[in-house]
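Numbering (my numbering), first residue to last: 9 to 57. As structure tokens, the structure follows; a few thoughts come after it.
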Amino acid sequence: MTKLCPKCSKELVLRRSMYGAFYGCSGYPACKTIVKIPKETILKDKKTS
């Protein structure tokens, strides 16, 4: 399932930082949209892996 940027419609890619995981726009640096991933989602995914 591909997630699209709500601002520019380019693909969102999974990124990781020291503050946690998030989806960032593949159009960066022109588009700086990020979408936070709830911690519950990350924990649920780890249990199913």
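Even for Gly, the Cβ is constructed at its ideal location relative to N, Cα and C.
CA-CA distance, leucine 59 and proline 14?
Shown here, the chain extends from 9 to 57; a query on residue 59 therefore has no answer.
Can you give me the Cβ contacts of isoleucine 42 inside the same chain, cut-off strictly under 6 Å, excluding the 5 residues immediately before and after it?
Contacts found: Phe30 and Gly32.
Return helix, strand or coil for lysine 47, following the three-state DSSP convention.
Helix at lysine 47.
Output yes or no for whether 8 Å exceeds the beta carbon distance between glycine 35 and lysine 18.
In this structure, lysine 18 lies closer than 8 Å to glycine 35 by Cβ.
Is tyrosine 31 helix, strand or coil by DSSP?
Residue state, collapsed to three classes: strand.
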